[in-house]
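Student:
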Amino acid sequence: MLQRLLFGLIAVASLSLVGCAHSPQQLSPQPKLTAQLAPVGHGQPVVVKVVDGRASQSLGTRGGMYPETSTISVSGNDVLPKLQAQAEAAVRLLGFTPTANAYNAPQLTVTLAELKYQSPKDNLYVTEATIGATFRADVANANRRYSGRYGASLDQRFGMAPNQETNTKLVSDVLSDALTRLFKDPTIGQVLGE
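One point on numbering: in our numbering, the residue at position 1 of the sequence shown is 1, and numbering is uninterrupted.
1. Along the chain, where does the beta strand (DSSP E) containing E128 start, and where does it finish?
2. Using 8 Å for Cβ pairs, my map puts T97 next to R136. What's the rounded Cβ distance?
3. Bridge partners for D52 per DSSP, in chain order?
4. Roughly how many whole angstroms lie between the Cα atoms of T34 and T69?
5. So L108 and V139 are in contact, right, with Cβ under 8 Å, and what is the actual spacing, rounded?
6. Would you tell me roughly how many angstroms separate the C-alpha atoms of K116 and L37, rounded to the nearest one?
7. Residue range of the alpha helix (DSSP H) that T99 falls in?
8. Which residue from N167, V46 and G159 puts its Cα closest to that of I131?
9. Run the CB neighbour count on P31, radius 10 Å, all protein chains shown included, and call it buried at 16 or more, exposed below.
Here you go:
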């Protein structure tokens, strides 16, 4: 009887440990511009659009024993309004006035091209991850066009598997870095201001 009870306790404990070890994570990152921008405009209107160009809302998996159950995702519906607000704030800092639709106004389209989270798949324990973000900027002003790609990545080591809060911060930091690099490109302000 005691042996059966002990076996039952061990089975329940091991099942509960496996069940919560690496559940999927839906992140809600908070991207922010991380640098000052020098104004080059004089209040001219600029149409600013942010779009999601990713093939999937899944960033990857956290690895571990069962990587297929440990997916990490970021919803476009969650992150796009935040990116739109940051892009409009950046355009204001550059000296322009963001607008929804102004006739013949220059256009800036910011595309979230890639957002990924890679963890080694051959390890039982999650000890490291590489997080990457890539944006594409397309500027159109009269006959002038300009496009650029801006990326950032982070290699992070962990003592234990990262929780949702940690992963949210890491993804936020990488998005912020890539977005800041985009708006630090002086050609974007030059083309918008012509």
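From the three backbone atoms N, C-alpha and C, an ideal C-beta is built for every residue, glycine too.
Tutor: In short, the structure shows the following:
1. Counting along the chain, the beta strand (DSSP E) containing E128 begins and ends at E128 to N141.
2. Beta-carbon to beta-carbon, T97 and R136 are separated by about 23 Å, too far to satisfy the 8 Å threshold.
3. Note: D52 sits in a beta bridge opposite L112.
4. For T34 and T69, the distance between alpha carbons rounds to 34 Å.
5. Between V139 and L108 the Cβ distance is about 5 Å, and since that is below 8 Å, they are a contact.
6. Rounded to the nearest angstrom, the two C-alpha atoms are 27 Å apart.
7. Counted as a single uninterrupted DSSP element, the stretch harbouring T99 is not any alpha helix (DSSP H) but the beta strand (DSSP E) occupying residues T97 to T99.
8. The option with the nearest alpha carbon to I131 is N167.
9. Its Cβ being crowded by 16 or more others within 10 Å, P31 is buried.
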